[in-house]
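Quick note, the sequences are listed as chains A and B, same order. 116 is the number that this note's numbering gives to position 113 of the first sequence; each next residue is one higher, with no gaps. 281 is the number that this note's numbering gives to position 36 of the second sequence; each next residue is one higher, with no gaps. Virtual Cβ for every residue (Gly too), placed ideally from N, Cα, C.
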Amino acid sequence: MLAYILRRLALSALILLGVSFITFVLLYVLPADPVRQIAGRSATPETVASIRRQLGLDQPFVVQYGHYLWNLLQGDLGRSYLQKTEVAALITSRLPATLLLMLAAITCELVIGLTLGVIAALYRGRALDNVLMLSSFVTVSAPQFVVALLLLYVFAVKLGWFPIGGYGTFAHLVLPALTLGILGSGWYARIMRSSMLDVLRADFIRTARAKGLGRGRIILGHAIPNAILPVIAMIGIDIGIFMSGIVVVESVFGWPGIGQLAWQAIQRVDIPIIMGVTLVSAFAIVIGNLLADLISPLIDPRIKLR
Amino acid sequence: MKKLILSTALATMMAMSPTLAETPTPGGNMIVTYKDDVATLDPAIGYDWQNWSMIKSVFDGLMDYEPGTTTLRPGLAESYEISEDGLTYTFKLRPGVKFHNGREMTSEDVVYSINRVVDPATQSPGQGFFGMIDGFDATAADGSALTGVSAPDAATVVFRLSRPDATFLHVMALNFSYVVPKEVVEAEGADFGKKPVGTGAFKLTEWTLGQRLVFEKNADYWISGVPYLDSFTVEVGQEPVVALLRAQNGEVDIPGDGIPPAKFVEVMSDPAQAANVVEGGQLHTGYVTMNVTAAPFDRVEVRRAVNMAINKDRIVQVINGRAVPANQPLPPSMPGYTKDYAGYAYDVDAAKALLSEAGYADGFETELYVMNTDPNPRIAQAIQQDLKAIGITANIRSLAQANVIEAGGAGTAPMIWSGGMAWIADFPDPSNFYGPILGCGGAVEGGWNWSKYCNADLDALAAKADSTVDPAKADERLKLWSDVYMGVMEDAPWAPVFNEQRFTLKSPRMGGADALYVDPVSIPVNYDYVYIKE
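Encoded structure:
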């Protein structure tokens, strides 16, 4: 087990190195010169050259990349050219908002998704099942931007139940979390449904029924706890996805998270921020997947880690 | 010929009567929203329209503008003298002005601030504005002390220039020459921009990254009674569409990014909402550049043909009338604008004739670069159709702003629609529309003269205009500038398309003259002079 974790961690480090290299190359070849962005439109060529020298951007690619990696090892993600702030400070200042929204969103996804999945499984093949599965398909495919604005318009602007975007209180959290919850619930509903169907066909359920247990106790006490296993692995992956940026929803609701930071940085080609957010996201995805893989054997002894 | 200009009493009186009919009521908190984070409030560094006006509220310079106008007035300077040869400027400082940390501002602070912005280590985008000061080249190269600025006593600052420059007082009103306290700058280092300390009407009391900035009234401000607001809060990370919804709901006083294009018609066609919109000109021109160093735009006939082919009225319609058609580089509200110039009239047949005169009777294929945010690609499509009508096939290259700027600087873009990157004047003087974008100095690798247009005669004329320092000859100087721009139109390196209008939406409770909400030097509003009614 320990050897497995160490091997996976080493592999993760390699993946992150690869991600950093590819991102660095892409941003390096991008025809947008950060020095000109700093120097502004009134700068003389001498000013531009002087800034380029001070930032070390006149160095060859290998030297620049090596420099970046060296700083990275010391936890230094560099400084944003446009925001004039440490990238690490920008990311950490936005982490709490993203983590909070992620937790709330996953909770919503689970509540909505698992409920619908269980109901669909119990009514398998009937009209209700079809309607639920169709609606899960619709929510999975619906554009976040539209759903977010729709919820905002109806519940915040028209009905006035929630604030129109922003951050700070529980009321601010409801609509963004609900948007993500509704949209992401489809995946969970489908997984839960098929997992429930497998379990409901299993021998131990038949045994339970033969013992004369009530339907409610069978479902709540035996079927759901067993059917939920694949869902847990999915949460790990979900964490990675959410950490890599809830770009659209954060932007619409003015939620000060990492996705919003990434979106602003991409629009303004703020290279150090793009690099930083990409690395942090890659890290989160790698760790999320690792956690999912580590949890699986704990809850299902049939899975062996090698 | 010595000129002693303006006393404190007069300046204060002007400040107290800022174009307002009603009596301003003090107090209250105004809420302004933006999509993007505020980058920095360091006056030597901040150079986007969003932080520009906030910096104006936190800091002051020797010179300033009357609120809502382009008229210069003394700021931290109480008075100034210009020597007869136009090379020496002596400023007397206003006594008793204090920084937000309580220390009194002195002439040494002014000298330090100017040195700091020219010092290459500061990496100021405004460094180039100070080129007229004696010793600039040496300081800009190695950061040594600037010889052209000195403080003979605590209340006097003397500038020596290496050449007469009529724009010098405007430069002293630029954010880049605002006065900063040395000890705070040195203590905070790179973080000064996040913890600014100035002499301005507001002090920054809270900055939560990605969320909000709170500016509170400086009770000791040297213009008594100003500002009127107790505070204003800048909320960032708000999409313009959502900001508009919040404004309609009464939660936001000024959506800083303006009315989103998709909502513009809806807002303006509702009389109740349109009543809260203030419209004004701005020192902006949108234009198409043509690279004069490469075929086919090396032929003046071709460039004139493009000028005649573009249907500017239709393009103004494309953006729902948020602009007025332009026929010359200067915007109408800029001094030096040539009122009686007709420009190139829209004339497809004449344009075709010019093209065949240049040997392109069958037209040609070229590329039109454009920034990829709405409405710019739509405008580019309109231009594309207009050019098609005279036989020019322009393929649209829609890219991120930084990439278009890069292509323009490198000279690899045959045509660029300037929208989203267009020139907005740094200060209200005609010279500001020439040097970097039409003069030979800007026609270098990485320069902002994307046409790579260089006319030595016009450069000489421009230099002559800017050496006309005597205020009595101001009209003569403006005439020279008018001639420069008429010369530019003759060579037609640009096709000027329109001058954008500004539309500021304000909440009904906001008071103050309309001019304050479309202030030519403070976008979106002049924070110091607006107030909350009731």
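Determine which residues share a DSSP beta bridge with N744 of chain B and list them.
In the second sequence, the residue the question calls residue 744 of chain B occupies position 499. B:V569.
Since D364 of chain B contacts T351 of chain B with CB under 8 Å, what's their CB separation in whole angstroms?
Taking the first residue of the second sequence as 1, we reach residue 364 of chain B at position 119. Taking the first residue of the second sequence as 1, we reach residue 351 of chain B at position 106. Not quite, the Cβ-Cβ distance comes to about 20 Å (not below 8 Å), so this is no contact.
Identify the residues that DSSP records as bridge partners of T402 of chain B: which are they?
The residue you call residue 402 of chain B lines up with position 157 of the second sequence. Correcting the residue type first, residue 402 of chain B is Val in the shown sequence and not Thr. Partner(s): B:F336.
Bridge partners of M523 of chain B, per DSSP?
Translated into the one-based positions of the second sequence, residue 523 of chain B becomes position 278. In the sequence under discussion, the amino acid at residue 523 of chain B is Val, which differs from the Met named in the question. Looking at the DSSP assignment, V523 of chain B forms a beta bridge with B:T749.
Please compile the residues from chain B whose C-beta is within a distance smaller than 8 Å of the C-beta of A42 of chain A.
On the first sequence, residue 42 of chain A is found 39 positions in, with the first residue counted as 1. Near A42 of chain A (Cβ distances below 8 Å), the residues of chain B are Q368 and P370.
Within the 8 Å Cβ cut-off, does L102 of chain A reach chain B?
Along the first sequence, read from residue 1 onward, the residue named residue 102 of chain A stands at position 99. Not closer than 8 Å to any Cβ of chain B, the Cβ of L102 of chain A fails to qualify, so no.
Compute the distance between the beta-carbons of M535 of chain B and P370 of chain B, then report whether it is under 8 Å.
For the purposes of this step, residue 535 of chain B is taken as residue 290 along the second sequence, with counting starting at 1. For the purposes of this step, residue 370 of chain B is taken as residue 125 along the second sequence, with counting starting at 1. For M535 of chain B and P370 of chain B, no; Cβs fall outside 8 Å.
Using a cut-off of 8 Å between C-beta atoms, extract the partners of A35 of chain A located in chain B.
For the purposes of this step, residue 35 of chain A is taken as residue 32 along the first sequence, with counting starting at 1. Under the 8 Å cutoff, chain B gives A645, A647, N648, I650 and E651.
Going along chain B in order, which residues have a C-beta closer than 7 Å to the C-beta of A46 of chain A?
Here residue 46 of chain A is taken as the residue at index 43 of the first sequence, counted from 1. The answer, in chain order, is P370, Q372 and G373.
Give a yes or no on whether 8 Å exceeds the smallest Cβ distance from I167 of chain A to chain B.
For the purposes of this step, residue 167 of chain A is identified with residue 164 of the first sequence, where counting begins at 1. At least one chain B Cβ lies under 8 Å of I167 of chain A.
Would you say the beta carbon of P397 of chain B is closer than 7 Å to some non-hydrogen atom of the ligand ZN?
This structure lacks the ligand ZN; in fact it carries no ligand of any kind.
Give a yes or no on whether the minimum CB-CB distance between R97 of chain A and chain B is below 8 Å.
As a working mapping, residue 97 of chain A is identified with position 94 in the first sequence. Yes, contact with chain B.
Find the residues of chain A that neighbour I624 of chain B, judging by a C-beta separation of less than 9 Å, and give them in chain order.
For this step, residue 624 of chain B is matched to residue 379 along the second sequence. Ordered by position in chain A, no residue passes the 9 Å Cβ test against I624 of chain B, which lies about 19 Å from the chain.
Just the chain B side, please: which residues come within less than 9 Å of V160 of chain A by C-beta, in chain order?
Translated into positions along the first sequence, residue 160 of chain A becomes position 157. Going along chain B in sequence order, the residues near V160 of chain A (Cβ under 9 Å) are L490, R491, Q493 and N494.
Going by the CB atoms, is the gap between L294 of chain A and Y191 of chain A shorter than 8 Å?
Position 188 of the first sequence holds residue 191 of chain A. Position 291 of the first sequence holds residue 294 of chain A. Result no, Cβ atoms of Y191 of chain A and L294 of chain A do not sit closer than 8 Å.
Pull up the CB-CB distance for V523 of chain B and K751 of chain B, whole angstroms please, since I reckon it's below 8 Å.
As a position in the second sequence, residue 523 of chain B is number 278, starting the count at 1. As a position in the second sequence, residue 751 of chain B is number 506, starting the count at 1. The pair is a contact, with the Cβ atoms about 7 Å apart (cut-off 8 Å).
Using a Cβ-Cβ cut-off of less than 9 Å, give me the residues of the stretch 276 to 288 of chain B that come near chain A, in sequence order.
Result list: T278, K280, D281, D282, V283, A284, T285 and D287.
Kindly indicate if chain A contains any beta-carbon less than 8 Å away from that of A221 of chain B.
It is not possible to answer for residue 221 of chain B, since the shown part of chain B is limited to 246 through 779.
Can you check which of these residues, B:D720, B:T749 and B:D594, is closest to A519 of chain B by C-alpha distance?
Stepping through the second sequence from its first residue, residue 519 of chain B is reached at position 274. Checking every option, the nearest Cα to that of A519 of chain B belongs to B:T749.
Return the chain-ordered ranges of every alpha helix (DSSP H) run that is complete within the stretch 671 to 716 of chain B and spans a minimum of 4 residues.
DSSP runs (the alpha helix (DSSP H)) wholly in the stretch 671 to 716 of chain B: 680 to 683 and 701 to 711.
Candidates B:V649, B:I777, B:G455 and B:I290: which alpha carbon is nearest N694 of chain B's?
Taking the first residue of the second sequence as position 1, residue 694 of chain B is located at position 449. The shortest C-alpha separation from N694 of chain B is found at B:V649.
For R220 of chain A, which three-state DSSP category applies?
As a first step, residue 220 of chain A must be located in the first sequence, where it is residue number 217. Helix at R220 of chain A.
Among B:F304, B:Y325, B:P673 and B:L575, which has the Cα closest to the Cα of K462 of chain B?
Taking the first residue of the second sequence as 1, we reach residue 462 of chain B at position 217. Among B:F304, B:Y325, B:P673 and B:L575, the Cα nearest to that of K462 of chain B is on B:F304.
W452 of chain B lies in the beta strand (DSSP E); which residues open and close that run?
Looking up residue 452 of chain B in the second sequence gives position 207. Unbroken beta strand (DSSP E) run through W452 of chain B: F447 to T453.
Using DSSP bridges, identify the partner residues of D515 of chain B.
Along the second sequence, read from residue 1 onward, the residue named residue 515 of chain B stands at position 270. Answer is none; D515 of chain B lacks a bridge partner.
When you compare only the Cα positions, how much space is there between S284 of chain A and I94 of chain A?
If you number the first sequence from 1, residue 284 of chain A lands on position 281. If you number the first sequence from 1, residue 94 of chain A lands on position 91. In a straight line, the C-alpha of S284 of chain A is about 11 Å away from that of I94 of chain A.
In this structure, what does DSSP give as the bridge partners for E461 of chain B?
Against the second sequence, residue 461 of chain B aligns to sequence position 216. B:K448 and B:S476.
Under the three-state reduction of DSSP, which class applies to K87 of chain A: helix, strand or coil?
As a working note, residue 87 of chain A is residue 84 in the first sequence. Coil at K87 of chain A, not helix or strand.
Return the chain-ordered list of same chain residues with a C-beta closer than 6 Å to the C-beta of G636 of chain B, the five sequence neighbours on each side being excluded.
Numbered from its first residue, the second sequence carries residue 636 of chain B at position 391. Cβ neighbours of G636 of chain B beyond the five flanking positions: G608.
Below 8 Å, how does it come out for the stretch 485 to 502 of chain B and the stretch 161 to 176 of chain A: are there three or more Cβ pairs, yes or no?
The stretch 485 to 502 of chain B vs the stretch 161 to 176 of chain A: in contact.
Give the residues of chain B in contact with L14 of chain A, contact being defined as C-beta atoms less than 7 Å apart.
Here residue 14 of chain A refers to the residue found at position 11 of the first sequence. What L14 of chain A touches in chain B: nothing, since even the nearest Cβ is about 33 Å away.
Using alpha carbons as the reference points, say which of B:S601, B:D594 and B:M275 lies closest to A634 of chain B.
Against the second sequence, residue 634 of chain B aligns to sequence position 389. That would be B:D594, whose Cα lies nearest to the Cα of A634 of chain B.
Just list the beta strand (DSSP E) runs in the stretch 340 to 414 of chain B, keeping only unbroken ones of 3 residues or longer that don't cross its boundaries, in chain order.
Qualifying beta strand (DSSP E) stretches, in chain order: 394 to 398 and 401 to 405.
Identify the contact partners of S53 of chain A in chain B, using a Cβ-Cβ distance below 7 Å as the criterion.
Translated into positions along the first sequence, residue 53 of chain A becomes position 50. Chain B residues near S53 of chain A: P365.
In chain order, what residues of the same chain have a beta carbon less than 6 Å from the beta carbon of V766 of chain B, not counting five sequence neighbours either side?
As a working mapping, residue 766 of chain B is identified with position 521 in the second sequence. Excluding positions up to five away in sequence, the list reads Y310.
Give every residue of the same chain whose Cβ lies closer than 7 Å to the Cβ of L249 of chain B, excluding the five residues on either side of it in the sequence, and list them in chain order.
As a working mapping, residue 249 of chain B is identified with position 4 in the second sequence. Annotation note: pLDDT 41 at L249 of chain B (below 50); position unreliable, no value reported.
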